[in-house]
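Note sheet for the following structure.
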Amino acid sequence: MSDVSAKSPIKVLVVDDSMFIRTALKRMLEADPEIKVVGTASNGLEAIKSIKVLNPDVVTMDIEMPQMDGLTALEKIMAENPLPILMISTLTESGAEATIKALSLGALDYIGKQIARSSLDIVRIQKELQTKIKLLAKRRPFMRARATTRFLPTHQTPQTVKHESTTSPVSIPIRKNRLVVQVVAIGTSTGGPKALQEIIPQLPAKFPSPILIVQHMPAFFTKSLAERLDSLSQLTVKEAQMHDVVEAGKVLIAPGGQHMTVIKRGGQHEIRLSQSPKNLRHKPSVDVMMSSVAEVYGSHAIGVILTGMGHDGLQGLAEMHNRQGFTLAQDESTSVIYGMPKVCIEKGIVDGVLPLNRMPHTLMRLVQKS
């Protein structure tokens with residue numbers, strides 16, 4: 254399902270107040286024959302006008318611009334003509350806060366600008382930029398559909414978890430007579446901040462299990478994400494620190510640049526942060542966190558894989574599944590990138606596949622049945 258045919262290049266609108274950056278982004282994007290920059294804009298007002306004329310498939314959007322900044326433009330675009338937007342962010346604390354807000358407003362992803370001295374070393378992001386543009390372009394039809402159709406309410410209690418990403422849904426019974434669920438482990442990447450915002454704030458203050466989250470993000474960004482979710486939630490959400498106690502009512506997000514594991518110490522469970530293993534692509538790693546959860550909690554755990562690019566989480570979720578933990582994955586229709594959930598589903602290690610709006614209710618039902 255895509256607006257972009259195999260023969261037609263992906264149409265991109267580049268929005269940035271710097272002519273240098275606009276030119277650099279255009280050159281990097283058009284180095285890929287599947288991508289065509291159909292226009293540029295120097296501020297949010299120009300961007301909104303250009304979208305109406307050029308009808309791009311994807312927009313790259315800077316945050317700080319004159320006349321109308323990227324966040325204001327993003328909010329107007331999502332209200333009037335939703336389409337995939339990739340934020341161009343500075344890897345700083347202030348940039349992280351703005352980026353998390355952009356993702357909550359509807360931007361699908363972001364890419365970091367590398368700033369060195371007086372120039373922007375932006376060429377280093379070329380491959381990542383091209384890849385993300387191609388993936389986000391595939392989401393435009395879903396965004397159009399979602400502009401007129403909102404998620405169904407979650408108060409109805411289903412008898413089974415349904416796989417809703419195929420034309421013939423497959424019902425997967427929830428296992429009964431389970432042991433007590435002591436932890437929920439969630440792994441996600443691209444699209445994760447918005448997905449987490451659809452789940453964590455929907456859980457009650459008395460949710461009986463602690464929640465551990467790995468979201469692929471650099472330092473600063475995970476702290477801003479935790480603060481954002483905490484402001485919206487009844488549960489306490491914070492960026493994890495060394496020796497944090499894993500307990501009910503608390504959601505701990507792995508800090509960017511560090512792996513998060515859990516150990517049992519005395520009568521409680523505690524967080525450990527580490528730089529090892531160093532040879533992994535992602536830090537924090539979903540695999541590292543979930544493998545730790547599998548070892549410490551065994552069958553007393555729920556593992557959840559949400560939207561994201563790649564296969565981080567496959568090994569960790571497999572270990573949870575092998576130790577009789579209950580495993581869930583987000584379905585294709587509600588995933589920004591159906592990479593991480595897909596590989597886990599294809600491997601046969603997922604007990605239930607369901608859309609994002611069913612996740613909070615299903616988690617509640619699973620922990621209540623434990």
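In the numbering used here, the protein residues as written are 254 to 623. C-beta atoms are modelled at their ideal positions from N, C-alpha and C, and glycine is treated no differently.
#### Entry: Three-pair Cβ contact test at 8 Å for the region 549-561 versus the region 525-538
no
### Query
DSSP three-state call for Leu336: helix, strand or coil?
coil
#### Entry: Anticipated Cβ contact below 8 Å, Met340 with Ala360, distance rounded
5 Å
### Ranges of the alpha helix (DSSP H) found wholly within the region 256-334, counting only runs of at least 4
272-283, 297-307 and 323-333
### Query
Exposed or buried, Asn308, counting other C-beta atoms within 10 Å across all chains shown (16 or more means buried)?
exposed
### Query
When you compare each of Leu358, Pro262, Arg393 and Gln450 to Ser586 by their alpha carbons, which one comes out closest?
Arg393
#### Entry: Touch test, the region 564-572 against the region 541-549, Cβ-Cβ under 8 Å, three pairs minimum
yes
### Query
Around the C-beta of His627, are 16 or more other C-beta atoms found within 10 angstroms, so that it is buried, or is it exposed?
Only positions 254 to 623 of the chain appear in the structure, and residue 627 is not among them; the question remains open.
### Task
Taking Ser492 as part of the beta strand (DSSP E), name the residues at either end of that continuous run.
The question names Ser, but residue 492 is Glu in the sequence shown. Its beta strand (DSSP E) spans residues Thr489 to Glu492.
### Query
Can the beta-carbon of Pro608 be found less than 8 Å from the beta-carbon of Asp584?
yes
### Phe395 versus Gln435, Thr345 and Leu336, residue with shortest Cα-Cα distance
When each option's Cα is compared against that of Phe395, the closest is Leu336.
### Task
Quick one: which unbroken beta strand (DSSP E) runs of 3-plus residues sit fully inside the region 444-512? Chain order, please.
464-468, 489-492 and 503-506
### Query
Is the beta carbon of Leu482 less than 8 Å from the beta carbon of Leu449?
yes
### Message
Would Phe395 pass as an interface residue toward chain B - the criterion being a Cβ-Cβ separation below 8 Å?
### Response
Looking for chain B here will not work: only one protein chain is present.
### Query
Lys564: which of Gly348, His535 and Val267 sits nearest, CA to CA?
With the sequence shown as reference, residue 564 is identified as His, and Lys is not the correct amino acid for it. Ranking the options by Cα distance to His564, first place goes to His535.
### Task
Classify Leu344 as helix, strand or coil using the three-state DSSP reduction.
coil
### Message
Check whether the region 290-304 and the region 346-361 are in contact - that is, three or more C-beta pairs closer than 8 Å.
### Response
no
### Task
Measure from the alpha carbon of Ser486 to the alpha carbon of each residue in Val515, Glu451 and Gly592, then state which is nearest.
Glu451
### Query
Do you know how far the Cα of Val433 is from the Cα of Val312?
46 Å
### Gln541, enclosing alpha helix (DSSP H) - first and last residue
According to the sequence provided, residue 541 is Val. The question's Gln does not apply to it. Where Val541 is concerned, the enclosing alpha helix (DSSP H) stretches over Val539 to Tyr550.
#### Entry: Gln383 - partner residues in DSSP beta bridges
None; Gln383 has no bridge partner.
### Task
Could you tell me which residues DSSP puts in a beta bridge with Gln521?
Arg518
### Task
For Lys366, name the three-state secondary structure that DSSP assigns.
strand
#### Entry: C-beta contact flag for Ile288 and Gln379 at 8 Å
no
### Message
Within the continuous alpha helix (DSSP H) that includes Ala571, where are the two ends?
### Response
Judged by DSSP secondary structure, Ala571 falls within the alpha helix (DSSP H) whose first and last residues are Leu567 to Asn575.
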